[in-house]
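Its first residue numbered 3, the sequence shown is counted upward by one per residue in our numbering.
Presented below is the structure to which this report refers.
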Amino acid sequence: MKEWKLESRFDHLPDLPVLREVDVLVVGGGSAGVAAATVCGRNGLSTALIEKYGFCGGAAVAGLSGTICGMFMASDKEDRQPEQVVFGFTEEFRNRLSKRGGVTEPQIYGKTYTVTHDPLVWREVADECLEEAGVDVFFHTTVTGVIMDGDKYKGVVVQSNAGQAVILAKRIIDASGDAAVVSRAGGAYFFGDNGVIQNPTMFFRLGNVEMDSYLDFFGEDTICPAKVTEKILELNASGEYQMPRHKIWIFPTTRPNELMVNATRLAGQDGRVLNVIDPVDFTEAEVFGRKQVREYARFLKAHVPGCENSYVVDTGVEVGIRQTRSIEGVEKLTNEDVVNCRKRPDGIVRTPWPIELHSGTKPKLHWLLDDWYEVPYGALIPAQGENIIVAGRCLSAEHEALASARVTAQTFEYGHAAAHATVISIQEEKGFRDIRGEDVREKMIQAGSRF
Numbered sequence: 003m004k005e006w007k008l009e010s011r012f013d014h015l016p017d018l019p020v021l022r023e024v025d026v027l028v029v030g031g032g033s034a035g036v037a038a039a040t041v042c043g044r045n046g047l048s049t050a051l052i053e054k055y056g057f058c059g060g061a062a063v064a065g066l067s068g069t070i071c072g073m074f075m076a077s078d079k080e081d082r083q084p085e086q087v088v089f090g091f092t093e094e095f096r097n098r099l100s101k102r103g104g105v106t107e108p109q110i111y112g113k114t115y116t117v118t119h120d121p122l123v124w125r126e127v128a129d130e131c132l133e134e135a136g137v138d139v140f141f142h143t144t145v146t147g148v149i150m151d152g153d154k155y156k157g158v159v160v161q162s163n164a165g166q167a168v169i170l171a172k173r174i175i176d177a178s179g180d181a182a183v184v185s186r187a188g189g190a191y192f193f194g195d196n197g198v199i200q201n202p203t204m205f206f207r208l209g210n211v212e213m214d215s216y217l218d219f220f221g222e223d224t225i226c227p228a229k230v231t232e233k234i235l236e237l238n239a240s241g242e243y244q245m246p247r248h249k250i251w252i253f254p255t256t257r258p259n260e261l262m263v264n265a266t267r268l269a270g271q272d273g274r275v276l277n278v279i280d281p282v283d284f285t286e287a288e289v290f291g292r293k294q295v296r297e298y299a300r301f302l303k304a305h306v307p308g309c310e311n312s313y314v315v316d317t318g319v320e321v322g323i324r325q326t327r328s329i330e331g332v333e334k335l336t337n338e339d340v341v342n343c344r345k346r347p348d349g350i351v352r353t354p355w356p357i358e359l360h361s362g363t364k365p366k367l368h369w370l371l372d373d374w375y376e377v378p379y380g381a382l383i384p385a386q387g388e389n390i391i392v393a394g395r396c397l398s399a400e401h402e403a404l405a406s407a408r409v410t411a412q413t414f415e416y417g418h419a420a421a422h423a424t425v426i427s428i429q430e431e432k433g434f435r436d437i438r439g440e441d442v443r444e445k446m447i448q449a450g451s452r453f
């Protein structure tokens with residue numbers, strides 16, 4: 003992306019108004035950011051959160067990914083039932099959704115389970131959590147620069163339609179998903195496997211579905227049966243349809259007669275991998291994502307019983323983003339950690355979710371059966387810089403490992419962990435890399451997480 007200059011570092015306080023001086027600034031209001039800001043506020047820290055949209059939710063809401071994946075164990079057992087292994091802030095948020103009728107019961111997803119949420123209720127629950135915790139929220143606000151004192155992060159320059167200002171903070175939690183703060187300060191990061199990252203997807207909701215007929219045909223598993231994949235391949239071969247992804251996932255939602263569809267596969271029209279950090283690629287993904295939505299909706303209407311009178315309710319506000327920048331961390335979650343289900347005393351979240359790699363016509367799933375691995379605390383700590391920690395999908399992880407570790411239940415818990423590390427850091431006047439992961443883990447257990 004040679005056309006763009008990313009680094010925007012100020013080694014002195016710029017001549018701009020100081021909007022806030024706080025203990026903690028959280029950048030990004032996705033699942034990780036909401037968890038981080040809420041827990042910091044509850045623990046008595048003055049906390050501000052900035053978010054580019056007019057609502058929280060990130061990929062779960064703006065991207066309409068729509069499910070809380072990663073809560074349940076996977077198993078091949080014939081008599082398996084949903085076995086929840088991730089709790090903490092994840093479970094609190096799910097429970098709050100449930101009380102508002104905003105989340106389904108567990109649904110079969112291959113060898114595991116997931117739950118589907120209502121994106122509007124998700125926003126409302128996030129608002130409720132942040133308000134209760136006394137967090138100062140700034141929607142429609144983005145980071146454009148970072149204020150440094152040597153290696154120490156001191157604050158950020160933010161921009162909105164009102165202009166520019168500065169927020170100063172003792173600690174910063176980069177929950178942007180894209181390492182927006184770390185990268186602008188010149189911190190080290192990388193993209194996937196030597197620049198190859200996972201495909202984005204345009205999710206959509208399909209309304210006016212006759213659910214009994216649909217379920218009789220499609221089945222209870224949200225991953226499509228072989229007969230649907232075979233039909234897609236047949237229709238593509240005939241030239242009647244152009245559906246680049248052959249294995250699609252469809253989730254009944256909390257709303258009557260509605261499905262959430264994860265079907266599209268977005269690559270460049272010239273075949274290149276799209277990196278949605280670049281607005282050229284982002285724009286192409288959005289435009290052709292909407293076109294693919296109409297093609298898959300046409301297929302469902304014509305060839306899937308129960309969908310004969312269906313229509314597209316809406317798409318995500320943006321394409322669903324799985325991967326962009328990953329930080330170079332004090333420690334990196336490796337592919338071997340994942341496939342060997344490594345446990346560790348400094349682990350800050352269990353992860354039973356499969357390696358779910360979206361890089362071709364058929365998503366690849368590597369299942370972790372009857373087990374899980376744990377993500378090390380050090381994967382949240384940038385290799386350079388003081389007073390900053392990340393939370394969310396930009397953690398330090400190898401390409402395939404991230405394809406498992408990036409899902410919603412885990413990102414909630416990364417925010418949970420980052421918040422407790424921040425509380426310790428401020429109360430004990432310690433740098434993030436001087437804090438023991440074991441101590442963060444203990445605080446999380448006291449707050450409801452399980453290991």
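Cβ atoms here follow ideal geometry from the backbone N, Cα and C, with glycine treated the same way.
Any contact between the segment 374-391 and the segment 415-424? By contact I mean 3 or more CB pairs, one from each, below 8 Å. yes
### Task
Look at the alpha carbon of residue 425 and the alpha carbon of residue 212, and state the distance between them as a whole number of angstroms.
50 Å
Looking at residue 384: is its Cβ nearer than 9 Å to the Cβ of residue 189? yes
>> Between the alpha carbons of residue 49 and residue 139, how many angstroms are there, rounded?
In response: 9 Å
*What are the uninterrupted segments assigned as beta strand (DSSP E) that are 3 or more residues long and contained completely in the segment 55-142, given in chain order?*
109-111, 114-118, 138-141
- prompt: Alpha carbon to alpha carbon, what distance is there between residue 219 and residue 233?
  reply: 13 Å
Margin query: Here's a check: name, in chain order, each residue in its chain whose Cβ is nearer than 7 Å to the Cβ of residue 411, leaving out the five neighbours to either side.
Written below: 70, 71, 72, 73, 88, 92
Q) Since residue 336 and residue 393 are thought to touch, with beta carbons under 8 Å apart, how far apart are those beta carbons, to the nearest angstrom? A) Residue 336 to residue 393, Cβ: 20 Å. No contact.
Limits of the unbroken beta strand (DSSP E) element including residue 253: 251-254
Going by the CB atoms, is the gap between residue 34 and residue 395 shorter than 9 Å?
yes
Check your understanding: Leaving out five residues before and five after residue 156 in sequence, what residues of the same chain have Cβ atoms less than 7 Å from its Cβ?
Key -> 149, 150, 170
Quiz item: Does the Cβ-Cβ distance between residue 267 and residue 296 come in under 9 Å?
Solution: no
Suppose you measure from the CA of residue 322 to the CA of residue 40; what does that come to, to the nearest Å? 24 Å
Checklist entry - For residue 294, does the three-state DSSP call read helix, strand or coil? => result helix
- Unbroken stretches of the alpha helix (DSSP H), 4 residues or longer, contained in the segment 390-431: 401-407, 410-429
> Does the ligand SAH have a heavy atom nearer than 8 Å to the CB of residue 87?
Replying inline: The ligand SAH is absent from the structure shown, which contains no ligand whatsoever.
Exercise. With a CB to CB cut of under 8 Å and the five nearest residues on each side skipped, what residues in its chain are close to residue 163?
Worked result: 142
*Decide yes or no for the touch test of the segment 12-27 against the segment 111-120: beta carbon pairs closer than 8 Å, at least 3 of them.*
no
Subject >> the segment 426-437 / the segment 50-59 touching (three or more Cβ pairs under 8 Å) >> reply: no
- Message: Looking at the strands, I want to know which residues DSSP matches up with residue 225.
- Response: 251
_If contact is defined by three or more beta carbon pairs under 8 Å, each pair taking one atom from either stretch, is the segment 118-137 in contact with the segment 59-67?_
yes
Subject >> In DSSP terms, what residue 311 is bridged to >> reply: Paired residue(s): none; residue 311 is not in a bridge.
query: When the distance is taken between beta carbons, is residue 326 closer than 9 Å to residue 181?
result: yes
Margin query: Can you tell me which residues form a DSSP beta bridge with residue 173?
Written below: 26
Q: Using 10 angstroms around the beta-carbon of residue 401, count the other beta-carbons present and answer buried if the total reaches 16, otherwise exposed.
A: buried
Would you decide whether residue 222 is buried or exposed? Buried here means 16 or more other CB atoms lie within 10 Å of its CB.
exposed
Residue 271, DSSP secondary structure in three states
coil
Roughly how far, in whole angstroms, is the beta-carbon of residue 173 from the beta-carbon of residue 329, given that I think they are within contact range, below 8 Å?
Not confirmed; about 16 Å, so no contact.
Of the residues 200, 133, 187, the one placed nearest residue 147, counting alpha carbons only: 187
Original post:
Going along the chain, which residues of its own chain have a beta-carbon closer than 6 Å to the beta-carbon of residue 44, five neighbours each way excluded?
Top reply: 135
* Asked: Is residue 356 buried or exposed, if buried means 16 or more other CB atoms sit within 10 Å of its CB?
  -> buried
- Message: Please classify residue 294 as buried or exposed, where buried requires at least 16 other C-beta atoms within 10 Å of its C-beta.
- Response: buried
Checklist entry - Whose C-alpha, out of 242, 259, 255, is nearest the C-alpha of residue 215? => result 259
**Study point:** Cβ separation of residue 358 and residue 405, assumed to be a contact under 8 Å, to the nearest whole Å
**Key:** 5 Å
Just checking, does the segment 198-209 make contact with the segment 304-315 on the three C-beta pairs under 8 Å criterion? yes
Leaving out the 5 sequence neighbours to the left and right, which residues in its chain are closer than 8 Å to residue 344 when beta-carbon positions are compared? 338, 375, 376
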